[in-house]
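Enquirer: In my numbering, the protein residues as written are 589 to 668. All C-beta atoms in this analysis are idealised placements derived from N, C-alpha and C, irrespective of residue type, glycine included.
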Amino acid sequence: MSSSQNTESQIKEILERDIKPMVALHRGKIEFVSFNSGVVHVRLEGACKGCPLSQLTLKAGVEELLKENVPGVECVEAVE
589 MSSSQNTESQ
599 IKEILERDIK
609 PMVALHRGKI
619 EFVSFNSGVV
629 HVRLEGACKG
639 CPLSQLTLKA
649 GVEELLKENV
659 PGVECVEAVE
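(1) Contact check, Gln-598 vs Val-658 under 8 angstroms by CB: the rounded distance?
(2) Anyone know if the C-beta pair for Gly-616 and Leu-632 falls short of 8 angstroms?
(3) Can you tell me whether Leu-646 is buried or exposed? The criterion is at least 16 other CB atoms within 10 Å of its CB, across all chains shown.
(4) Do you know whose CA, among Asn-624, Lys-608, Pro-609, Ala-612, lies nearest Asn-594's CA?
(5) Can you tell me whether Cys-663 is buried or exposed? The criterion is at least 16 other CB atoms within 10 Å of its CB, across all chains shown.
(6) Looking at the secondary structure, which residues open and close the alpha helix (DSSP H) in which Ala-648 lies?
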């Protein structure tokens, strides 16, 4: 398994285990899209899509958790 594949696996594991259940409590969904050059791309759906607090959740919650636990993650960005 390459380093990039290992990083993606770690990201997906944390999303599934820690982040998705938290987001689901607010009737939202978050899906992994890609990881490239330190940037994790995710898609926000459900109640998260268009929510004014989604960027705060993304940066202060999702991004911080991934940066603390997955070497190489520099930031998280939402994509359509």
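Expert: Put simply:
(1) Residue numbering aside, residue 598 sits at position 10 when the sequence shown is read from its first letter. Residue numbering aside, residue 658 sits at position 70 when the sequence shown is read from its first letter. Correct: roughly 5 angstroms between the Cβ atoms.
(2) Within the sequence shown, residue 616 is the residue found at index 28, counting from 1. Within the sequence shown, residue 632 is the residue found at index 44, counting from 1. Their beta carbons are under 8 angstroms apart, which means Gly-616 touches Leu-632 by this criterion.
(3) As a position in the sequence shown, residue 646 is number 58, starting the count at 1. Classification of Leu-646: buried, given that the 10 Å Cβ count is 16 or more.
(4) Residue numbering aside, residue 594 sits at position 6 when the sequence shown is read from its first letter. When each option's Cα is compared against that of Asn-594, the closest is Asn-624.
(5) Numbered from its first residue, the sequence shown carries residue 663 at position 75. Looking at its Cβ environment, which holds fewer than 16 other Cβ atoms inside 10 Å, Cys-663 is exposed.
(6) Start at 1 with the first residue of the sequence shown, and residue 648 comes out as number 60. Taken as a continuous stretch (DSSP letters only), Ala-648 belongs to no alpha helix (DSSP H), as it is neither H nor E.
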